[in-house]
Structure formats: C-alpha cells, structure tokens
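According to our numbering, the stretch in the sequence shown is residues 15 to 159, in order.
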Amino acid sequence: MENNFNNIAQLKDSGLKVTGPRLKILDLFETHSEEHLSAEDVYRILLDEGIEIGVATIYRVLTQFEQAGILQRHHFETGKAVYELDKGDHHDHIVCVKCGMVTEFHNPEIEALQDKIAEENGYRIVDHALYMYGVCADCQAKAKR
C-alpha cells in the first residue's frame, strides 16, 4: 500500500493527474524495474493480470511518463521503443541480437574515455547513450549445440 502512496505522490509531483491507468502502469514498471518494456509488453502483462487498458491509452501514458521524467525511452535494434524507470543513475546497455536480452552496465573507464574524446574535440558532453550489440552467453551456448 505504501508503494501506491509513493506512486500517487510521484504522479502529482510530475504534474500528472492521478488516474487508474497511470497508477497501474507506473506500478507495473516498479514491479518490473529490471526490465525494458515495450507498449505491447505492458499491454500483455496487464491483460495477463486481468487489467484491461487500451493500447492507445498505454502509448499515451508512456509518452507522458517519458516527458515527465518518470520513464526513459530507448530504441534498440528491435525497431520498437522500450521503456525503463528513470532511476536517476547513468548506465549503458548491451543488447543480444538473437534473443533481445538487455544487460545494463556502468564502466567508469568508458565514461572517462568519452569525456577525454569530447574534450580533445572541443566538446562538453551534456548527455550520451551507449548501446552495444552482440550475442549473449545463452544464445552462444544454444548455437554450439
């Protein structure tokens, strides 16, 4: 129940009206906080839980949450947008090109190298996103069988 109060406060702080669909979608992202979910994933998970929210409403809420800084949107090679909670920490992503698994990582050496390259070229980095693509260990093992 405490989580619901936090969600209500977060929506209000973001200037969004508290509605049933918004609360349900925000709760879903908090219970799946380690995943990157598409609008279709959100629809399917809610439907599996017996909650019917239209796909158009889901897209609208995801866009509102992104604009409010609640969610971050990514476009990996799958061609569809996926979202994750904006936890305020910076991290990069490695994406499996076979199964779509996403692994988050943070590497201070990479961050320092990016700053150095920017400085050498007369830039000051204000934001960046690093996406690496490869084949995960599980898919490599399956290919060897």
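Virtual Cβ for every residue (Gly too), placed ideally from N, Cα, C.
Taking the alpha helix (DSSP H) that residue i belongs to, which residues open and close that run?
i	result
Y137	Note, Y137: premise wrong, no alpha helix (DSSP H); not H, not E.
I72	69 to 81
So, with DSSP's three-state summary, where would you put residue i?
i	result
V149	coil
R58	helix
I65	coil
I22	helix
I84	coil
E98	strand
E51	The question names Glu, yet the displayed sequence has Leu at residue 51. Strand at L51.
With 16 other CB atoms within 10 Å as the buried threshold, where does residue i fall?
i	result
I131	exposed
Y97	buried
R159	exposed
V23	The question names Val, but residue 23 in the sequence shown is Ala. Exposed, since its Cβ has fewer than 16 Cβ neighbours within 10 Å.
Nearest to residue i by alpha carbon, out of the options?
i	options	result
F90	T71, I72, V111, R74	V111
V75	D103, K38, K158	K38
R87	Y145, A157, Q154	Y145
D152	E133, C113, L61, E134	C113
S52	I67, Y73, I84, I124	Y73
Quick one: give me the first and last residue of the beta strand (DSSP E) that residue i is part of.
i	result
T45	Per DSSP, T45 belongs to no beta strand (DSSP E); it is in the alpha helix (DSSP H), 34 to 45.
D106	106 to 110
E118	116 to 119
Does the separation of the CB atoms of residue i and residue j fall below 8 Å?
i	j	result
V116	Y147	no
H120	D141	no
L99	F43	yes
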